[in-house]
Structures are given as structure tokens and as C-alpha cells.
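Participant: Residue numbers (the working numbering), protein chains in the order written: chain A, 1 to 264; chain B, 1001 to 1393.
Using N, Cα and C, we set each Cβ at its ideal position, and we do this for glycine too.
#1: Three-state secondary structure (DSSP) at residue 1103 of chain B?
#2: Just to confirm the assignment: which complete alpha helix (DSSP H) runs, minimum length 4, are found wholly within the segment 21–57 of chain A?
#3: Mind pulling the beta strand (DSSP E) runs of 3 or more residues that sit fully within the segment 171–236 of chain A?
#4: Answer with yes or no whether the minimum CB distance from residue 1020 of chain B to chain A is below 7 angstroms.
#5: Cα separation between residue 1137 of chain B and residue 1144 of chain B?
#6: Counting only Cβ pairs nearer than 8 angstroms, list the residues of chain B close to residue 173 of chain A.
#7: For residue 1203 of chain B, count neighbouring Cβ atoms within 10 angstroms of its own Cβ and tell me buried if that reaches 16, exposed if not.
#8: Would you check if the distance between the CB atom of residue 1253 of chain B and the CB atom of residue 1218 of chain B is smaller than 7 angstroms?
#9: So, does the CB of residue 28 of chain A fall closer than 7 angstroms to a CB anywhere in chain B?
#10: With DSSP as the reference, identify every bridge partner of residue 1207 of chain B, one or two as the case may be.
#11: Check whether the Cβ atoms of residue 255 of chain A and residue 40 of chain A sit closer than 7 angstroms, and answer yes or no.
#12: Are the segment 1098–1111 of chain B and the segment 1255–1274 of chain B touching by the rule of at least three beta carbon pairs closer than 8 angstroms?
#13: Helix or strand or just coil, what does DSSP make of residue 1228 of chain B?
#14: List the residues of chain A that residue 1006 of chain B touches, going by C-beta distances under 9 angstroms, in chain order.
#15: May I ask you to list the residues that DSSP assigns as paired with residue 1073 of chain B?
#16: Apart from the five residues just before and just after residue 1381 of chain B, which ones in its own chain have a Cβ nearer than 8 angstroms to its Cβ?
#17: Leaving out the 5 sequence neighbours to the left and right, which residues in its chain are closer than 7 angstroms to residue 1034 of chain B when beta-carbon positions are compared?
#18: To the nearest angstrom, report how far apart residue 137 of chain A and residue 1 of chain A are at their CA atoms.
#19: Less than 7 angstroms separating the beta-carbons of residue 1388 of chain B and residue 1302 of chain B?
#20: Please tell me whether residue 119 of chain A and residue 85 of chain A are closer than 7 angstroms, where the distance is taken between their beta carbons.
#21: Grab me the residues of residue 57 of chain A's own chain with a C-beta within less than 6 angstroms of its C-beta, minus the 5 sequence neighbours each way, in chain order.
#22: Residues of chain B with a CB under 7 angstroms from the CB of residue 177 of chain A: which are they?
#23: How about residue 1265 of chain B: is its C-beta nearer than 7 angstroms to some C-beta of chain A?
#24: Output needed for residue 1130 of chain B: all residues of its chain with C-beta closer than 8 angstroms, excluding positions within five of it in sequence on either side, in chain order.
#25: Checking contacts by CB at 7 angstroms: is residue 104 of chain A closer than that to chain B?
#26: Could you tell me which uninterrupted alpha helix (DSSP H) segments, each at least 4 residues in length, are contained entirely in the segment 1278–1330 of chain B, listed from first to last along the chain?
#27: Using a cut-off of 9 angstroms between C-beta atoms, extract the partners of residue 1103 of chain B located in chain A.
#28: Taking residue 1127 of chain B as part of the beta strand (DSSP E), name the residues at either end of that continuous run.
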């Protein structure tokens, strides 16, 4: 199974990491969307399991959650979908989700089942390093990597603590706020990436607000090892809900554009 | 390192990373000022001269007759603004001022906490944004208008049900983007640490007063103390100083809505299971997949599928009992208290009174029962008349 290490071993290449909500807008279309993303140049997938109360997400991903939930998406179905994706291509997959779903499933059982279908890491939006003791033993036991977040207001000391608990990559939140598209990349990204690079050799990936190939390029030039693009892509699903071929085409085109910008 | 703010295994700090430094700064400020001489003196003065504390403990002859013992009402409804919410509003508002924050945001269900925050904003000259569900805006219009008159901006929140849960979600989202200059004045004893501790600290004045008033007026402690429970702020304030009095039974009354077994209620402690919502581990109403379920209550202030973590702990340890009152019982009680005592109880507070009425004949004649009448029901008069048009014919 491909690991994050395999991907980030290619020095000088910035990883392209699209985010989608599993089951958005329905199981089969979701599979086709993710397949398109893989074919268009994604290196890693960041996938969400929808939650009723996503407090770290803006309107675009909230709506995607609702679409997926209305189709009956849950953790079990998410694992089935991941299994299909992994069967199509061995690509590293990180889950990005909220703690209640894991707690309710049973923490140990969740990690065991996720590992079985080939999930590489689980980033829990509302579980910080302070409570990581609740998930670290089982993460290690099932052989998964850890991913934690750093934000523009995370102190230097805490960045070091985050790095100490991370084995996969550091998810750098580029701005203060929730997920969503933005007109420009936050000016503080370059400094933030450099600060983290100065204290750790872990890969640093940047997400939140990345909305164009220019943004992605700017983040790559700032020294990031990966770029995570969520709301922009999820927004393309929303605008093409009534025409699936157009939806897949728009998503494929956008990811190819970003791929080219990153590989320049 | 685990943060403080645990009640047994409940509570905690389950929030996005961006909020961690902000909550740590809030915790530090709270620790620094809560016993600070200047802070406590200023709060005491405002509580007395601005808000009207202490509130009276009133023996209700009508309720005493029906129930068969001495039934007292702790009159939080007489506080400025018409509910206990201002206790916390003043405390956190002052904390915001001491922290140098100029902007307040708050969520509100019934509008009472929004009103308290708007009140503080007007009095202290701070900019106020209130997040309120669209369903709640509709059913609590008098409070919405009052908030606007006091200069607050009311931000409608659609969400899944347009109620308190959605308002909290959006207030948290707004806060993550404005943490540098904005103070989130959280209204109930839920949410991430340190909020449950802060809200309890500023609400426990209710039981501090009630306990002494009971000793002064009755010469003994009460047999039972009860309060309605939504998120749990008035209940935790009402219980706080009685928790160590082992002989005093504590009862929280949840919104049983159409009935505890109808699926249409907000009885989180009686029908929920343990989960993580809005930053804390506590009981929540959730489905088989762990998705949060929409609650139902006639009272916007109790219409919440979560509960403060200390209540979960009080339930687990058996120190407090949690029961329910239905929408219909609440309407009956609203009318009874209006007709027999000339008091309009808030729909929220009427839950506690309604449950006591079901206990008629269960007490010894010289027993003393204290009900926290957490708010007044002027805001609910229009709704009541819609539910019971015959009562004004």
C-alpha cells in the first residue's frame, strides 16, 4: 500500500491533494468524481465523512455534507466507497472528519475498519493534540499515520508539539476561519510554511481557501510539500448537479490546471 | 496535555485547532479575574444596581396548596431583562471588557441570552452580533425586536432546523475568523472548556442566594430543588450551592415535547447517548450513525440536542435526577400560574413548575420545595394564545 512517505519522497514535486465529501452528491457519482480526480493528477486524496454539525466548514462543504447525508452516507458506506477507490488505484487516502462519528462508531473499531480498507490517516477537525491520547495508541496499533493542524495563530512552542505527534504531514491552515473559497492566498502562508519547516522535516501541506491554480502555484513556491483543495472542487459539484458529464469534465479540467501549475 | 474542564469523563476541549489558543487565553483571563477584588466588586455593584439582585424567594400559595407542601419560586424572572441570563451576560461582558475586547457575539435560542448580550453591549458600548435560528426568530419576535432596538445585529441562521444548535454552529464559525478582536459570550453551561465553568461561576449566584433565603425564611434547607434544563445554565446555577447538601434532592426538568417516546422532544439526558458536540463530551441526541438529531420543544430556550457536561456527570453519579414535562403540561402550567399567581412564566421555566405539579401529594406538609423561575413569559404570550385561543375569549 502506498504511503505518504512514498509520495513526499519526490523532492521538488508538490503533492496535489483534492478534498471531497464521500457520497456527494450520491455514492456512484462520488466514485466517478474521485476517479476523475485520480486520473487528472491527484497524488493523495483527502476525503470527508459527512457530519450534521461541521463547525470548521463553510457553506459549500456544509451543503455537500447535507447532500451526502440525504443519500444515506455513513461510516460503513464510506468504507465501502474507499474500498472501491483503492481497488481502482493504490493512492494514499486521508480522512478528514468530526469526532462524534468516530466516538459513536467506537474509536478502536473505527480505526481498525478504516485501516482494513486502506485509509492512511484520520484527521479529526475537532480533536487537537491535547486529546490525542484518545486516538494515538490505536492509530499506532493499526499502522496509520497521524495528521494534525497548525494555524496562523498556533504558537511556535505548540507547532513543535504538533510536529512531535505527527507522522504523516502537517496540515497547515492558511487563514483564520472556516473552509471556503477565497479571492487570494493569505499573505502569511509563506512565513507560516517556513516557520514549520524550520522546526521539522515533516511534509507541510497547505489548505483552506485554495481556489485557483495560481493560488496552488503560490503555495508551492512558498515551499509547501502539498496543496489541499476542497471548497473550490466541491463548489464545482454543486454548480453542475444537473449535468454529471459536465461536472466530471469541470473537475478534471480544474485538477489538470492545478497539476500543470504545480509542475511548472 | 489534557486540559482542565472535565466532569468525570465529560466535558473537555474538542474544538478546531484555531480555537485552542483563544480558549486558553479565555481560561487564563477567567482564572485571573474571577476572584480579583476590582472585578468582583464591579460585578457585585452591577448585579445589585443595574440588574436588581438579589431576586426574591417567593412562597406561592397556589402551588403550595396544589402540591401539598411549601413551594417557593426563586424569582429570576424579576431580574433586569426578564431572565437569569443576565447573570452570565454581566459576568462575561465584564470579562470581555477586562480582556480589552470591543466586540461581542452570542448565540440565542429563546432570545433571552441574545437579549442579555445586547443589554450588556448597549451598557458597555460594545458592538454586538447575535446568531439566531430562523425558526426561533419567528417564534420569539418580541425579543428579536428588543435586541435590534438596543443596537445589536441579529444574524438569521438557517442550518438544519433553524434553532439553537445551528446558531451555535454559525457563531463558532464566525468566531474562528474573528478571534483577534471578538469575544464569544456563550450563553449556556455547555460548549468547550472553559465555558461550562465560566457560566456556572456566574450563574451560581442563584443558589447562593436561594440557599440563604431558604434558611432565613424557612429555618431549614429545602427537600428538593428543581429547574428546567436545556443547555443547563439556570439549572447548574440553581444546583451549585446545594450539591454538597446531601439531603437536598436535585431535579432537572427537560423538555419532553410531544412525549418522551415520540421522538419529538429535547430530553437529551433521558433519551440521548454520550457523544461529542460543540466542543464537549456529553449526552447528545443522535441517530444510529452518530449524526445529531433535531430536538423539539415548545420552548426555544430548551430546544437543544446537547447538554452541559456537568449535568451528564450529575446524572451518571446519581446526584441529580432528570425528568421531563411535555408541551401540553407546560401550556396548562403557564395558564395556571397566570390565573392563580398573576405571574407569566417563560415556557422554559414552566417546565419545572409543570413537573412539580405532577408530584402533588408526594411531600410532607412541612417540606420545602424551590423551583427556579428562570424567566418571565411576556415573550411567550403571543405563542400561548395561538396554542390556546379559547383562553382569551
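Facilitator: This is what the structure holds:
#1: Taking the first residue of the second chain as position 1, residue 1103 of chain B is located at position 103. Residue 1103 of chain B: strand per DSSP, three-state reduction.
#2: You should have 27–39.
#3: The qualifying runs are 204–207 and 226–229.
#4: The residue labelled residue 1020 of chain B in the question sits at position 20 within the second chain. Interface annotation, residue 1020 of chain B: in contact with chain A, CB-CB separation under 7 angstroms.
#5: Stepping through the second chain from its first residue, residue 1137 of chain B is reached at position 137. Stepping through the second chain from its first residue, residue 1144 of chain B is reached at position 144. Rounded to whole angstroms, residue 1137 of chain B to residue 1144 of chain B spans 7 angstroms at the Cα level.
#6: Within the first chain, residue 173 of chain A is the residue found at index 173, counting from 1. Neighbours of residue 173 of chain A on chain B, chain order: 1017 and 1018.
#7: What you label residue 1203 of chain B is simply residue 203 of the second chain in a count that begins at 1. The residue is buried, with at least 16 neighbouring Cβ atoms inside 10 Å.
#8: Counted from its first residue, the second chain places residue 1253 of chain B at position 253. Counted from its first residue, the second chain places residue 1218 of chain B at position 218. Going by C-beta atoms, residue 1253 of chain B is not nearer than 7 angstroms to residue 1218 of chain B.
#9: As a position in the first chain, residue 28 of chain A is number 28, starting the count at 1. With a threshold of 7 angstroms between beta carbons, residue 28 of chain A makes no contact with chain B.
#10: Counted from its first residue, the second chain places residue 1207 of chain B at position 207. Answer is none; residue 1207 of chain B lacks a bridge partner.
#11: One-based indexing of the first chain puts residue 255 of chain A at position 255. One-based indexing of the first chain puts residue 40 of chain A at position 40. Contact check for residue 255 of chain A against residue 40 of chain A passes: the beta carbons are separated by less than 7 angstroms.
#12: The segment 1098–1111 of chain B makes no contact with the segment 1255–1274 of chain B: fewer than 3 CB pairs, one atom from each, lie closer than 8 angstroms.
#13: Translated into the one-based positions of the second chain, residue 1228 of chain B becomes position 228. Looking at residue 1228 of chain B - three-state DSSP - the assignment turns out to be strand.
#14: In the second chain, the residue the question calls residue 1006 of chain B occupies position 6. Those within 9 angstroms of residue 1006 of chain B in chain A number zero; the least Cβ separation is about 11 angstroms.
#15: Translated into positions along the second chain, residue 1073 of chain B becomes position 73. Bridge pairing for residue 1073 of chain B: B:1058 and B:1371 [DSSP].
#16: Counting from 1 along the second chain, the entry for residue 1381 of chain B is found at position 381. Excluding its 5 nearest sequence neighbours in each direction, residue 1381 of chain B has C-beta neighbours in its own chain below 8 angstroms: 1344, listed in chain order.
#17: For the purposes of this step, residue 1034 of chain B is taken as residue 34 along the second chain, with counting starting at 1. Counting only Cβ-Cβ distances below 7 angstroms, and skipping sequence neighbours, we find 1201.
#18: Here residue 137 of chain A is taken as the residue at index 137 of the first chain, counted from 1. Here residue 1 of chain A is taken as the residue at index 1 of the first chain, counted from 1. Rounded to the nearest angstrom, the two C-alpha atoms are 21 angstroms apart.
#19: Along the second chain, read from residue 1 onward, the residue named residue 1388 of chain B stands at position 388. Along the second chain, read from residue 1 onward, the residue named residue 1302 of chain B stands at position 302. Contact: no.
#20: On the first chain, position 119 is the one that residue 119 of chain A refers to. On the first chain, position 85 is the one that residue 85 of chain A refers to. Their beta carbons are not under 7 angstroms apart, which means residue 119 of chain A does not touch residue 85 of chain A by this criterion.
#21: Here residue 57 of chain A refers to the residue found at position 57 when the first chain is read from its first residue. Here the set comprises 178 and 179.
#22: Along the first chain, read from residue 1 onward, the residue named residue 177 of chain A stands at position 177. Simply 1176 and 1177.
#23: If you number the second chain from 1, residue 1265 of chain B lands on position 265. Under the 7 angstroms criterion on CB atoms, residue 1265 of chain B is classed as non-interfacial with respect to chain A.
#24: Here residue 1130 of chain B refers to the residue found at position 130 when the second chain is read from its first residue. Hits under 8 angstroms: 1105, 1106, 1107, 1108, 1114, 1117, 1118, 1147, 1152, 1153, 1154 and 1155.
#25: If you number the first chain from 1, residue 104 of chain A lands on position 104. So yes, residue 104 of chain A belongs to the interface.
#26: Correct list: 1309–1317.
#27: Taking the second chain and counting its residues from 1, the one referred to as residue 1103 of chain B is at position 103. Contact of residue 1103 of chain B with chain A by beta-carbon distance below 9 angstroms is absent, the smallest such distance being about 15 angstroms.
#28: Residue numbering aside, residue 1127 of chain B sits at position 127 when the second chain is read from its first letter. Looking at the DSSP string, the run of the beta strand (DSSP E) that includes residue 1127 of chain B is 1127–1133.
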